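These notes concern the structure reproduced below.
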Amino acid sequence: EKGTYPHYMLKEIDEQPPVMRKIIQRYQDDQGELTIDQPILDAMNASDRIYIIAAGTSYHAGLVGKQFIEKMAKIPVEVHISSEFVYNMPMLSEKPLFIFISQSGETADSRAVLVEVKEMGHKAITITNVPGSTLSREANYTLLLHAGPEIAVASTKAYTAQLAVLSILAAVTGKSRGHELNFNLVQELGIVANAMEVLCDEKEEFERIAREFLSTTRNAFFIGRSLDFYVGLEGALKLKEISYIQAEGFAGGELKHGTIALIEEGTPVIALSTQEYVNLSIRGNVKEVVARGANPCIISMEGLNSEGDSFVIPEVNPILTPLIAVIPLQLISYYAALHRDCDVDKPRNLAKSVTVE
Ligand code: F6R
Numbered sequence: 244e245k246g247t248y249p250h251y252m253l254k255e256i257d258e259q260p261p262v263m264r265k266i267i268q269r270y271q272d273d274q275g276e277l278t279i280d281q282p283i284l285d286a287m288n289a290s291d292r293i294y295i296i297a298a299g300t301s302y303h304a305g306l307v308g309k310q311f312i313e314k315m316a317k318i319p320v321e322v323h324i325s326s327e328f329v330y331n332m333p334m335l336s337e338k339p340l341f342i343f344i345s346q347s348g349e350t351a352d353s354r355a356v357l358v359e360v361k362e363m364g365h366k367a368i369t370i371t372n373v374p375g376s377t378l379s380r381e382a383n384y385t386l387l388l389h390a391g392p393e394i395a396v397a398s399t400k401a402y403t404a405q406l407a408v409l410s411i412l413a414a415v416t417g418k419s420r421g422h423e424l425n426f427n428l429v430q431e432l433g434i435v436a437n438a439m440e441v442l443c444d445e446k447e448e449f450e451r452i453a454r455e456f457l458s459t460t461r462n463a464f465f466i467g468r469s470l471d472f473y474v475g476l477e478g479a480l481k482l483k484e485i486s487y488i489q490a491e492g493f494a495g496g497e498l499k500h501g502t503i504a505l506i507e508e509g510t511p512v513i514a515l516s517t518q519e520y521v522n523l524s525i526r527g528n529v530k531e532v533v534a535r536g537a538n539p540c541i542i543s544m545e546g547l548n549s550e551g552d553s554f555v556i557p558e559v560n561p562i563l564t565p566l567i568a569v570i571p572l573q574l575i576s577y578y579a580a581l582h583r584d585c586d587v588d589k590p591r592n593l594a595k596s597v598t599v600e
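Residues in the sequence shown are numbered consecutively from 244, following UniProt numbering.
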């Protein structure tokens, strides 16, 4: 039920803070420590390399998840698009473990990979929002997102839930391997939930940004470096899915290797800056596009902000910024679609779960 909301997408964006709190609670033990079922930890610890397989938004969550697992658990990770994996199976390590990320748990492209790796005798974990879904039943282990049904075709709360669950999996695995975090993840995810709430209360600002930058444009670019690059990919996917604006996400440093040719007078370039060590470089990239006529929209994190930034997001732990940096992009996409009279919840040509390969 969407209640008083005009669209499921807006309702689901607003549900992100409570979903965060629910995930923290569901993954806590009686002592308040984050916990993952022992068989899953054993599988993580028995593997020498993890292969994340996913499509669309879930693939974008996987890109961030790789950083979480490599930094917190110190196990190497590869991330693959499911539909490509079947043709170009990478050389597998001696003890591979597969993690399937799928909101619906029904994506046929991902299932095709699961069937194949199971036949090869490898183990798999499915991270899904739907208990009893095909990918959940067919994998050895399941981690649930606890995000509640996601009805809008464009995925929002499932993405941030995927990131939260991946961070918990990474941290708990790391701890079991003797790598303690130098921060308290429960506390930091709580700060994330509060920051999400602040952002969800800023809807007029995002409506204004959508109007200023996206109401008539043909195309738009999202740039970022490091974690911000992956969030930009997700922002571009959201925007193109529901507003039909041709949108692409790029690594800031890659722009000058070709894409900058597309920048014209007024082209919107949405730049993210949430990471201190790339702040200067991404701002350098913004200068490059502005010199070619771009209309820059900089979304930065508190502490890294400069005069003229379009929006400043509250500060959270640097490794967790994707969980909140995505929210402005979800809301900007939502309003851009509304302004352009698009069917926000049911965009043309798309289905919620893609059950054909
Ligand atoms: C994006 C979107 C799609 C899905 C993709 C994978 O908003 O909805 O890109 O993310 O089809 O779906 P799941 O996660 O159900 O496997």
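Glycine included, each C-beta is placed from N, C-alpha and C at the ideal position. The model shown is predicted, which means the values in this text are computed figures rather than measured ones.
Can you tell me whether DSSP reads E531 as helix, strand or coil? It is helical.
V555 lies in the beta strand (DSSP E); which residues open and close that run? Counting along the chain, the unbroken beta strand (DSSP E) around V555 starts and ends at F554 to I556.
Evaluate Y251 with the Cβ neighbour count: other Cβ atoms within 10 Å of its Cβ, from every protein chain shown; 16 or more gives buried, anything less gives exposed. With a threshold of 16 other beta carbon atoms within 10 Å, Y251 meets it and is buried.
Cutoff 8 angstroms; reference T460; Cβ partners in own chain excluding five residues on either side: Closer than 8 angstroms at Cβ, skipping near neighbours: I488, G509, T510 and P511.
Within this structure, are the beta carbons of K361 and A286 separated by less than 8 angstroms? In this structure, A286 does not lie closer than 8 angstroms to K361 by Cβ.
For D584, count neighbouring Cβ atoms within 10 angstroms of its own Cβ and tell me buried if that reaches 16, exposed if not. Under a 10 Å Cβ-count criterion, D584 is classified as exposed, with fewer than 16 other Cβ atoms of the shown protein chains found around its own Cβ.
At which residues does the beta strand (DSSP E) containing S549 begin and terminate? Per DSSP, S549 lies in no beta strand (DSSP E) segment and is marked neither H nor E.
State whether the stretch 368 to 382 contacts the stretch 266 to 278, with contact taken as three or more CB pairs (one from each stretch) at a distance under 8 angstroms. They do not touch, by the three-pair rule.
Start and end residues, alpha helix (DSSP H) containing N462: Looking at the DSSP string, N462 is not in any alpha helix (DSSP H); the run it does join, the beta strand (DSSP E), is N462 to G467.
Of the listed residues M334, V555, K309 and V329, nearest to V322 (C-alpha basis): Here the closest residue by C-alpha is K309.
So what does DSSP say about S345, is it helix, strand or coil? Note: S345 maps to strand in three-state DSSP.
Are the stretch 429 to 446 and the stretch 324 to 340 touching by the rule of at least three beta carbon pairs closer than 8 angstroms? Contact between the stretch 429 to 446 and the stretch 324 to 340 is absent, because fewer than three Cβ pairs lie under 8 angstroms.
Neighbour-count burial assignment, H303, 16 or more Cβ in a 10 Å radius: Per the 10 Å Cβ criterion, buried.
Check whether the Cβ atoms of residue 196 and E393 lie closer than 8 angstroms to each other. Because the chain in this structure spans residues 244 to 600, residue 196 falls outside the shown range and cannot be described.
I'd like to confirm the pairing. Which residues does DSSP put opposite Q310 in its beta bridges? None, per the DSSP bridge assignment.
Along the chain, where does the beta strand (DSSP E) that runs through residue 601 open and close? In the structure as shown, the chain begins at 244 and stops at 600. Residue 601 is therefore absent and cannot be evaluated.
Do I503 and V532 have their CB atoms nearer than 8 angstroms? Cβ distance < 8 angstroms, so I503 and V532 count as in contact.
Considering only the beta carbon of each residue, do I295 and V415 sit closer than 8 angstroms? Contact flag unset, no.
Answer with buried or exposed for N522, where buried requires no fewer than 16 other C-beta atoms within 10 angstroms of its C-beta. N522 counts as buried, since no fewer than 16 other beta carbons sit within 10 angstroms of its beta carbon.
Examine the ligand F6R and report whether any of its heavy atoms sits within less than 7 angstroms of the Cβ of G391. Relative to the non-hydrogen atoms of the ligand F6R, the Cβ of G391 never comes closer than 7 angstroms to any of them.
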